[in-house]
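**Student:**
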Amino acid sequence: MIYVMSDIHGNLARFRSIMRQIRLTRNDHLYVLGDIVDRYPDGTTLFTQLIRKPNVSMLLGNHELMMLKALTLTDAEDRYIRHWYRNGGDLTHRRFKHCTLAYREAFLDQIRSLPLNLEVSCNGIDYLLVHGAPVGFSTARNDVVMDAVWTRLTAEDIMPEGKVVIFGHTPTAHYQEGRPLRIFHGNRMIGIDCEAGEPNGRLACLRLDDMKEYYSEE
11 MIYVMSDIHG
21 NLARFRSIMR
31 QIRLTRNDHL
41 YVLGDIVDRY
51 PDGTTLFTQL
61 IRKPNVSMLL
71 GNHELMMLKA
81 LTLTDAEDRY
91 IRHWYRNGGD
101 LTHRRFKHCT
111 LAYREAFLDQ
121 IRSLPLNLEV
131 SCNGIDYLLV
141 HGAPVGFSTA
151 RNDVVMDAVW
161 TRLTAEDIMP
171 EGKVVIFGHT
181 PTAHYQEGRP
191 LRIFHGNRMI
201 GIDCEAGEPN
211 GRLACLRLDD
221 MKEYYSEE
């Protein structure tokens, strides 16, 4: 079975709720489309657990990118840290800075290694997994990485030919009404960010084999 989730945002309770439901086995594969960290405190713990699993693949999210810039760029460092903190990075940083230097260096190297997009096929359908948008879809920032993790897709956007794009980053409330939030199914696009990083949100997970939807119960 192939599962896809996104934007966990350090919410360990909601993540565990999903994992209890899907009962991931070694023969299954879980794709996490970025934004594991920030807003809730357990992002680094979740990231470390997930990256060690051979049947889990992760993408770079804008929150991982903010963390990387804030902690590695010496040019205008305060500006990057303030930006990260405004987006919920203070909780992540509070825990991270108490870890060993070796752990912190390895963690940041792992962020650097994360891909921007991944392709997967299931039941004859080709899916393109992205955090914000497909690579090359937007050039608004004139930076491939920034464009891929920060771009917000609209329901009218045309997706790459022959692909169904599954994305996080933009809450599904942007595309449909109603609470609690649900997975959005558009024209060759599926949005799965149901605001797990917000008090009234929930974590969503989609099983590609039969399109079954799972939602956290916490």
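In terms of the working numbering, the sequence shown has 227 at position 217, counting the first letter as 1, and numbering is strictly consecutive.
Here a beta-carbon is modelled for each residue, glycine too, at the ideal position from N, C-alpha and C.
How many whole angstroms separate the CB atoms of N105 and P181, which I take to be in contact at a CB cut-off of 8 Å?
**Tutor:** Here the question's residue 105 lines up with position 95 in the sequence shown. Here the question's residue 181 lines up with position 171 in the sequence shown. The amino acid occupying residue 105 in the given sequence is Arg; Asn does not appear at that position. With 8 Å as the limit, R105 and P181 do not qualify as a contact, their Cβ atoms being about 25 Å apart.
**Student:** If I'm right that L128 touches L69 with Cβ under 8 Å, what's the distance once you round it to whole angstroms?
**Tutor:** Here residue 128 is taken as the residue at index 118 of the sequence shown, counted from 1. Here residue 69 is taken as the residue at index 59 of the sequence shown, counted from 1. The pair is a contact, with the Cβ atoms about 6 Å apart (cut-off 8 Å).
**Student:** When DSSP builds the beta bridges, which residues end up paired with K107?
**Tutor:** Walking along the sequence shown from the start, residue 107 turns up at place 97. K107 pairs with nothing; no bridge assigned.
**Student:** Looking only at its chain, what residues have a beta carbon closer than 6 Å to the beta carbon of A5, apart from the 5 residues adjacent to it on each side?
**Tutor:** Residue 5 lies beyond the range of the chain shown here (11 to 228); nothing can be said about it.
**Student:** Any idea what DSSP makes of N37, helix, strand or coil?
**Tutor:** Numbered from its first residue, the sequence shown carries residue 37 at position 27. Correct three-state label for N37: coil.
**Student:** Label N72 either buried or exposed according to how many other C-beta atoms from any shown protein chain fall within 10 Å of its C-beta, with 16 as the threshold for buried.
**Tutor:** For the purposes of this step, residue 72 is taken as the residue at position 62 of the sequence shown. Classification of N72: buried, given that the 10 Å Cβ count is 16 or more.
**Student:** Between the alpha carbons of L78 and V159, how many angstroms are there, rounded?
**Tutor:** Locating residue 78 in the sequence shown gives position 68, counting from the first residue. Locating residue 159 in the sequence shown gives position 149, counting from the first residue. Distance between the alpha carbons of L78 and V159: 13 Å.
**Student:** What first and last residue would you give for the beta strand (DSSP E) that runs through A214?
**Tutor:** Taking the first residue of the sequence shown as 1, we reach residue 214 at position 204. Where A214 is concerned, the enclosing beta strand (DSSP E) stretches over A214 to R217.
**Student:** Can you give, in chain order, each stretch of the beta strand (DSSP E) that sits fully within the stretch 52 to 83 and has at least 3 residues?
**Tutor:** As far as the stretch 52 to 83 is concerned, its whole beta strand (DSSP E) runs of at least 3 residues are 66 to 68.
**Student:** Using CA coordinates, which residue listed in R33, M11 and R49 is at the minimum distance from A206?
**Tutor:** Taking the first residue of the sequence shown as position 1, residue 206 is located at position 196. Taking only the C-alpha atoms, the option nearest A206 is R49.
**Student:** How far does the beta strand (DSSP E) with Y200 in it extend, from its first residue to its last?
**Tutor:** Along the sequence shown, one-based indexing puts residue 200 at 190. The sequence as given places Ile at residue 200; Tyr does not occur at that position. Start and end: M199 to G201.
**Student:** Could you spell out the range, first to last residue, of the beta strand (DSSP E) harbouring E129?
**Tutor:** Position 119 of the sequence shown holds residue 129. Run containing E129: N127 to C132, per the beta strand (DSSP E) assignment.
**Student:** P144: buried (16+ other C-beta within 10 angstroms of its C-beta) or exposed?
**Tutor:** Here residue 144 refers to the residue found at position 134 of the sequence shown. So P144 counts as buried.
**Student:** Taking Cβ to Cβ, would you say M169 is nearer than 9 Å to N197?
**Tutor:** Looking up residue 169 in the sequence shown gives position 159. Looking up residue 197 in the sequence shown gives position 187. Result yes, Cβ atoms of M169 and N197 sit closer than 9 Å.
**Student:** Taking the alpha carbon of K184 as the point to measure from, which residue in T161, R114, R92 and A165 has its own alpha carbon closest?
**Tutor:** Numbered from 1 along the sequence shown, position 174 holds the residue referred to as residue 184. Rather than Lys, the amino acid found at residue 184 in this sequence is His. The option with the nearest alpha carbon to H184 is A165.
**Student:** May I ask you to report which of helix, strand or coil DSSP gives Y13?
**Tutor:** For this step, residue 13 is matched to residue 3 along the sequence shown. It is a strand residue.
**Student:** Which stretch, first to last residue, makes up the beta strand (DSSP E) that contains E227?
**Tutor:** In the sequence shown, residue 227 corresponds to position 217, counting from 1. Unbroken run through E227: none, as it is neither H nor E.
**Student:** Quick one: is N37 buried, meaning 16 or more other Cβ sit within 10 Å of its Cβ, or exposed?
**Tutor:** In the sequence shown, residue 37 corresponds to position 27, counting from 1. With fewer than 16 Cβ atoms within 10 Å of its Cβ, N37 is classed as exposed.
**Student:** Between M156, M221 and C109, which has its C-alpha nearest H195's C-alpha?
**Tutor:** Position 185 of the sequence shown, counting from 1, holds the residue named residue 195. Nearest of M156, M221 and C109 to H195, Cα basis: M221.
**Student:** May I ask which residues mark the beginning and end of the beta strand (DSSP E) holding L138?
**Tutor:** Here residue 138 corresponds to residue number 128 of the sequence shown, with the count starting at 1. Segment I135 to V140, the beta strand (DSSP E) holding L138.
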